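Protein chains: 2
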Amino acid sequence: MALVVQKYGGSSVASAERIRRVAERIVETKRAGNDVVVVVSAMGDTTDELLDLAQQVCPSGPPAREMDMLLTSGERISNSLVAMAIHSLGEEARSFTGSQAGVITTGAHGNAKIIDVTPGRVRDALDRGSIVLVAGFQGVSQDSKDVTTLGRGGSDTTAVALAAALKADVCEIYTDVDGIFTADPRIVPDAQRLDTVSFEEMLEMAACGAKVLMLRCVEYARRYNVPVHVRSSYTTKPGTMVSGSMEDIPVEEAILTGVAHDRSEAKVTVVGLPDVPGYAAKVFRAVAETEINIDMVLQNISKVETGKTDITFTLPKTDVPAAVEKLTELQGEIGFTQILSDERIGKVSLVGAGMKSHPGVTATFCEALAEAGINIDLISTSEIRISVLVADDDLDDAVRAIHKAFDLGGDEEAVVHAGTGR
Amino acid sequence: MALVVQKYGGSSVASAERIRRVAERIVETKRAGNDVVVVVSAMGDTTDELLDLAQQVCPSGPPAREMDMLLTSGERISNSLVAMAIHSLGEEARSFTGSQAGVITTGAHGNAKIIDVTPGRVRDALDRGSIVLVAGFQGVSQDSKDVTTLGRGGSDTTAVALAAALKADVCEIYTDVDGIFTADPRIVPDAQRLDTVSFEEMLEMAACGAKVLMLRCVEYARRYNVPVHVRSSYTTKPGTMVSGSMEDIPVEEAILTGVAHDRSEAKVTVVGLPDVPGYAAKVFRAVAETEINIDMVLQNISKVETGKTDITFTLPKTDVPAAVEKLTELQGEIGFTQILSDERIGKVSLVGAGMKSHPGVTATFCEALAEAGINIDLISTSEIRISVLVADDDLDDAVRAIHKAFDLGGDEEAVVHAGTGR
Numbered sequence: 001m002a003l004v005v006q007k008y009g010g011s012s013v014a015s016a017e018r019i020r021r022v023a024e025r026i027v028e029t030k031r032a033g034n035d036v037v038v039v040v041s042a043m044g045d046t047t048d049e050l051l052d053l054a055q056q057v058c059p060s061g062p063p064a065r066e067m068d069m070l071l072t073s074g075e076r077i078s079n080s081l082v083a084m085a086i087h088s089l090g091e092e093a094r095s096f097t098g099s100q101a102g103v104i105t106t107g108a109h110g111n112a113k114i115i116d117v118t119p120g121r122v123r124d125a126l127d128r129g130s131i132v133l134v135a136g137f138q139g140v141s142q143d144s145k146d147v148t149t150l151g152r153g154g155s156d157t158t159a160v161a162l163a164a165a166l167k168a169d170v171c172e173i174y175t176d177v178d179g180i181f182t183a184d185p186r187i188v189p190d191a192q193r194l195d196t197v198s199f200e201e202m203l204e205m206a207a208c209g210a211k212v213l214m215l216r217c218v219e220y221a222r223r224y225n226v227p228v229h230v231r232s233s234y235t236t237k238p239g240t241m242v243s244g245s246m247e248d249i250p251v252e253e254a255i256l257t258g259v260a261h262d263r264s265e266a267k268v269t270v271v272g273l274p275d276v277p278g279y280a281a282k283v284f285r286a287v288a289e290t291e292i293n294i295d296m297v298l299q300n301i302s303k304v305e306t307g308k309t310d311i312t313f314t315l316p317k318t319d320v321p322a323a324v325e326k327l328t329e330l331q332g333e334i335g336f337t338q339i340l341s342d343e344r345i346g347k348v349s350l351v352g353a354g355m356k357s358h359p360g361v362t363a364t365f366c367e368a369l370a371e372a373g374i375n376i377d378l379i380s381t382s383e384i385r386i387s388v389l390v391a392d393d394d395l396d397d398a399v400r401a402i403h404k405a406f407d408l409g410g411d412e413e414a415v416v417h418a419g420t421g422r
Numbered sequence: 001m002a003l004v005v006q007k008y009g010g011s012s013v014a015s016a017e018r019i020r021r022v023a024e025r026i027v028e029t030k031r032a033g034n035d036v037v038v039v040v041s042a043m044g045d046t047t048d049e050l051l052d053l054a055q056q057v058c059p060s061g062p063p064a065r066e067m068d069m070l071l072t073s074g075e076r077i078s079n080s081l082v083a084m085a086i087h088s089l090g091e092e093a094r095s096f097t098g099s100q101a102g103v104i105t106t107g108a109h110g111n112a113k114i115i116d117v118t119p120g121r122v123r124d125a126l127d128r129g130s131i132v133l134v135a136g137f138q139g140v141s142q143d144s145k146d147v148t149t150l151g152r153g154g155s156d157t158t159a160v161a162l163a164a165a166l167k168a169d170v171c172e173i174y175t176d177v178d179g180i181f182t183a184d185p186r187i188v189p190d191a192q193r194l195d196t197v198s199f200e201e202m203l204e205m206a207a208c209g210a211k212v213l214m215l216r217c218v219e220y221a222r223r224y225n226v227p228v229h230v231r232s233s234y235t236t237k238p239g240t241m242v243s244g245s246m247e248d249i250p251v252e253e254a255i256l257t258g259v260a261h262d263r264s265e266a267k268v269t270v271v272g273l274p275d276v277p278g279y280a281a282k283v284f285r286a287v288a289e290t291e292i293n294i295d296m297v298l299q300n301i302s303k304v305e306t307g308k309t310d311i312t313f314t315l316p317k318t319d320v321p322a323a324v325e326k327l328t329e330l331q332g333e334i335g336f337t338q339i340l341s342d343e344r345i346g347k348v349s350l351v352g353a354g355m356k357s358h359p360g361v362t363a364t365f366c367e368a369l370a371e372a373g374i375n376i377d378l379i380s381t382s383e384i385r386i387s388v389l390v391a392d393d394d395l396d397d398a399v400r401a402i403h404k405a406f407d408l409g410g411d412e413e414a415v416v417h418a419g420t421g422r
């Protein structure tokens, strides 16, 4: 008998009809002889409706503690409804809040991190033969005992953390796509579903904008070695298994995983910076103090006649105003002449363990973009990843060009559903 | 500085606009120099929407534990929204679930009783200058630590129980009427608002169908001597203070409180019962075993020629099928010939401490009904109450006739709003 943790996203439980279908799948898993723990996100539109109400009663911006109290009711509703639907199919089911399930977090409302999971009540309920539902996306803060939320993708993290704490055999993430693809099928129609992906490759894909699994969830799965099975809520297709280390893949089998893209970043250029040691550090210290994560960085070659240089970096679009404000404050101290920002950019990345053993990948990558007439703005690489910045309008073409150049396409037709991000 | 507990019903927080108005009133109370604890019911239609979803996913009848998990999210939403609205007015506010506020109950899901209130976190938050919101209608079971609900009127009970545990100076119940009236103003247009009512009189009024306060809430207030101030959410009128014992009212000031009516009961008659000691007890034992509360009882005079008698009793309409089934099961043992049931009845009651010192009240009561051409089916009395059963269609006329006969009308015009019962 295996212990299976399943996670269903908000679109999988968006209506009573879908809730009944999800319940059927859960009951099937139970009747196949497994212990089953299920994490469910809030129903489709619930979160948006609650956010709208919050905005109406507190236009100045609601306090984070109360926002968490409000939003966590969404998972409470969906989880108890799934429990009821399971009950009507003749199986026992008990739903628990994050707090009841022992999901202990930091106190950072809206973006808490899981510190520990003490699933005593979950284990007791399993031992009594019950299917257990746990509200995703939420926990209880270690210090204040207040209700917290984990931020975007939090329900996936809840599922992986529970799987780790319960030593589950697998954590199944049910989503609106059939698995992890070599590229976004909405952009590349012949994108191929991957059977398996190592944790490291998945980390790079998630970090580069692949949206199926959030970065924190993959980090958690890797740290606790929890196999994550990404599957469709709507089909019984085999999905993608994320597990194992890249190190364990024989060199001759190592391949390219796929092409990821990201539209969420913007580019900031600090112009006319004195080309003297320590000035670049001042720029990055200033940005770090506003708690903004910088992604790619480029420092131009200094112009000899002026002794000045430019620094360009990328950061989340939403953080541009804060970064510009902070840098402008420090303009006198840092001594640059101008700040430029550009939100019309996109990042395309190629990821795969096979890159290590195949020379010429970077050359092929750049040739493919050149042939498509796409200008490269910035390049950054890791051991198993190449990322370049291109113009926003060129992004889809860039994804298709690279996907084709590395022959990543397949025959299976990808099915695309609408999805949510929680 | 006083400690004030306030309770707002679902219709008072049915929209963002109403939530903001409630928040203004709460902030006003705080700024007048009081510590404030607020209990809020679920927003207007939330409960009905959740019940409807539950019915859709589990048509066979959802398990009570999960129903409580589902429904309690309603108060979580309304309480956090009120906290946000208070925040936007510049005051600190923290919302707590029933469990967090220390509302400990029995494990009877859907109809739990409060065993104890341990409001340590509420007290801490008050000490830090915060307004405290507590989700009404809910608690946590002492044994299983599961979330429970208190049943109809539960939010009022939460407020009174918190007021008792915190030794509050007053528990203010904000509702959609201006206070306790001498009769339902929808039936009797000149019904008069009462300034004060003793606990005993309010108990009788609630037990006889007056809906403003639920019986359990009044029982709790009386036991812990918590003054309950019933006021309108929509006006600043003085409302009604429910406090003190009837025993403390000087005889010469004791008056009649009002006329209550109840349409929720039905009448069952067990026909042709052997008129031998012990047979009536068998009937009532059978009904008690189905956990049904009987209200009024009448045993007819035995017919000498047959040695048989009839017993009539009233009970909640919803319990008629269970009572009839149980009695039919025992027909052989009890030996009656027939069971009749009648749902087209209503009960009208006159309540007041003044009844003890004013002989002739029963006579006037019956004369008033006779003059209105209304037939009395059954009479029952207590020290401070007369109740009679009449035909459903005669109920409104009966209320008006008695209200007029005892000169209970006033000049103040009663304002009627639509309301909910949680």
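As given, the protein sequences belong to chains S and F, one line each in that order.
Count the first sequence with UniProt numbering and you get residues 1 to 422, in order.
Count the second sequence with UniProt numbering and you get residues 1 to 422, in order.
We put the beta carbon where it would ideally sit given N, CA and C, even for glycine.
Keep in mind the model is a prediction, meaning the values are calculated, not measured.
Minimum Cβ-Cβ distance from residue i to chain F less than 9 Å
i: histidine 417 of chain S; result: Annotation note: pLDDT 46 at histidine 417 of chain S (below 50); position unreliable, no value reported.
i: glycine 74 of chain S; result: yes
i: leucine 53 of chain S; result: yes
i: residue 475 of chain S; result: Since the first residue of chain S shown is 1 and the last is 422, residue 475 of chain S is not available in this structure.
i: asparagine 111 of chain S; result: no
i: proline 97 of chain S; result: Here residue 97 of chain S turns out to be threonine, not proline, going by the sequence shown. Cβ-Cβ to chain F under 9 Å: yes for threonine 97 of chain S.
i: methionine 246 of chain S; result: no
i: leucine 50 of chain S; result: yes
i: valine 147 of chain S; result: yes
Extent of the continuous alpha helix (DSSP H) run through residue i
i: residue 448 of chain F; result: This structure cannot speak to residue 448 of chain F, because chain F is shown only from 1 to 422.
i: phenylalanine 199 of chain F; result: 199–207
i: glycine 154 of chain F; result: 154–165
i: histidine 403 of chain S; result: 395–405
i: aspartate 68 of chain F; result: 64–88
Range of the contiguous beta strand (DSSP E) that encloses residue i
i: cysteine 366 of chain F; result: Careful: cysteine 366 of chain F lies outside any beta strand (DSSP E), inside the alpha helix (DSSP H) at 361–371.
i: valine 242 of chain S; result: 240–242
i: valine 5 of chain F; result: 3–8
i: aspartate 275 of chain F; result: Where aspartate 275 of chain F is concerned, there is no enclosing beta strand (DSSP E), given that its DSSP letter is neither H nor E.
i: valine 297 of chain S; result: 297–299
i: lysine 308 of chain F; result: 308–316
Closer than 7 Å at the beta carbon, the chain F residues around residue i
i: proline 119 of chain S; result: Within chain F, no residue comes near proline 119 of chain S; the closest Cβ sits about 14 Å away, beyond 7 Å.
i: arginine 123 of chain S; result: Neighbours of arginine 123 of chain S on chain F: none; closest Cβ ~14 Å, over 7 Å.
Three-state secondary structure assigned by DSSP to residue i
i: aspartate 127 of chain S; result: helix
i: proline 321 of chain F; result: helix
i: glutamine 331 of chain S; result: helix
i: alanine 391 of chain S; result: strand
Pairwise C-alpha distance: residue j and residue i
i: asparagine 293 of chain F; j: leucine 133 of chain F; result: 35 Å
i: residue 456 of chain S; j: valine 259 of chain F; result: Since the first residue of chain S shown is 1 and the last is 422, residue 456 of chain S is not available in this structure.
i: residue 426 of chain F; j: threonine 312 of chain F; result: Here chain F has residues from 1 to 422 only, and residue 426 of chain F is not among them.
i: valine 361 of chain F; j: glycine 61 of chain F; result: 48 Å
i: alanine 32 of chain F; j: alanine 85 of chain F; result: 18 Å
i: proline 238 of chain F; j: aspartate 195 of chain F; result: 8 Å
i: leucine 408 of chain S; j: aspartate 176 of chain S; result: 22 Å
i: glutamine 56 of chain F; j: arginine 18 of chain S; result: 11 Å
i: aspartate 143 of chain S; j: glycine 107 of chain S; result: 7 Å
i: isoleucine 345 of chain S; j: proline 316 of chain S; result: 11 Å
Closer than 9 Å at the beta carbon, the chain S residues around residue i
i: serine 88 of chain F; result: Val57, Cys58, Pro59, Ser60, Gly61 and Pro62
Interface flag, residue i vs chain S, CB-CB below 9 Å
i: alanine 85 of chain F; result: yes
i: leucine 126 of chain F; result: no
i: glutamate 383 of chain F; result: no
i: alanine 23 of chain F; result: yes
i: alanine 16 of chain F; result: yes
8 Å Cβ cut-off: residues of chain S touching residue i
i: leucine 213 of chain F; result: Those within 8 Å of leucine 213 of chain F in chain S number zero; the least Cβ separation is about 28 Å.
Contacts that residue i makes with chain S (C-beta to C-beta distance below 7 Å)
i: methionine 69 of chain F; result: Arg76, Ser80 and Ser95
i: arginine 20 of chain F; result: Val57
Cross-chain neighbours of residue i in chain F, by beta carbon under 8 Å
i: arginine 65 of chain S; result: Arg94
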